Amino acid sequence: MKIIVSGAEQRAFEQQTCEKLQVALSDSWQAYHGVTVQDAKGPMEFDLVMVTHDRVVILELKHWNGQLTSYDGAWFVNGAARGKSVVATKRDQAVRLAALFKTELQPALGYHPFVEAHVVLCGTSSAEHLPASEQRFAHTLDDFLKIRHVESYEAIMGEQPRPFDSERLRPNHPVNLKHFDSFFASFQVSQERALSNEEPEAVSQ
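Reading the sequence shown from the start, the letters are residues 1 to 205 in full-length UniProt numbering.
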């Protein structure tokens, strides 16, 4: 998979994860790393936005070590608070990004892409203790890499009902990837303008 890296600084684990994704996943897919997109509600920071053959996937990378649990909409690692559920946060941002796509990309693509968000756990934490409704969208890195296989892609991502044909080119068609390139180039904002109240990032011991 081709990954287009923005000027945002990469943490070591992000670089390692991106290298694994780049090698393992389909050469026809494309991802944008470290982009910050602005809408009317403010900036949204994305670790990766991946364009596959049937959808756009927001990937939030977390290098957490320890037992990941959830209580009352918040996540904890070994009992230490990690803020609001990352699945919930990124799901909200997926809705906002889809709205931008509908306005900005639908005229070029002929449709607005289906967008969903997944959390990739790059440390020792796993999703097994999260609510069932969130487990579907949170994966260890090893499990997520299985989407390179058709059966695993469908099992992890689920069905995407939009049909594609000669009149509706797939999101990762070379023609459409140029439209995504233009979108992220025009909507990218500087990291300095991003929200400063980020959650604690990693438990790496």
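The C-beta atom is built at its ideal place from N, Cα and C for all residues, glycine as well.
In this text the structure is predicted, and so the values were computed from the model without any measurement.
Closest by C-alpha distance to Arg-162, out of His-129, His-53 and Leu-145, is His-53. Per the DSSP secondary-structure output, Phe-46 pairs in a beta bridge with Val-35.
Around the CB of Ala-138, 16 or more other CB atoms lie within 10 Å, so the residue is classed as buried.
Going by C-alpha positions, Ala-40 is about 17 Å away from Thr-89. Rounded to the nearest angstrom, the gap between the Cα atoms of Val-35 and Val-119 is 16 Å. Around the beta carbon of Lys-84, a 10 Å sphere encloses fewer than 16 other beta carbons of the protein chains shown; the residue is thus reported as exposed.
Non-local beta-carbon contacts of Lys-2 in its own chain, meaning distances under 6 Å to residues more than five positions away in sequence, involve Gln-30 in chain order. Beta-bridge annotation (DSSP): Tyr-71 is paired with Ala-74.
Bridge pairing for Ala-81: Phe-76 [DSSP]. Its chain contains Ala-24, Leu-25 and Ser-26 as the residues whose beta carbon lies nearer than 7 Å to that of Arg-148, once the 5 sequence neighbours on both sides are disregarded; these appear in chain order.
When the Cα atoms are used, Val-57 and Val-115 turn out to be separated by approximately 6 Å. Taking Phe-164 as the centre and dropping the five residues before and after it, the same chain places the C-beta of Arg-170 closer than 6 Å to its C-beta, in chain order.
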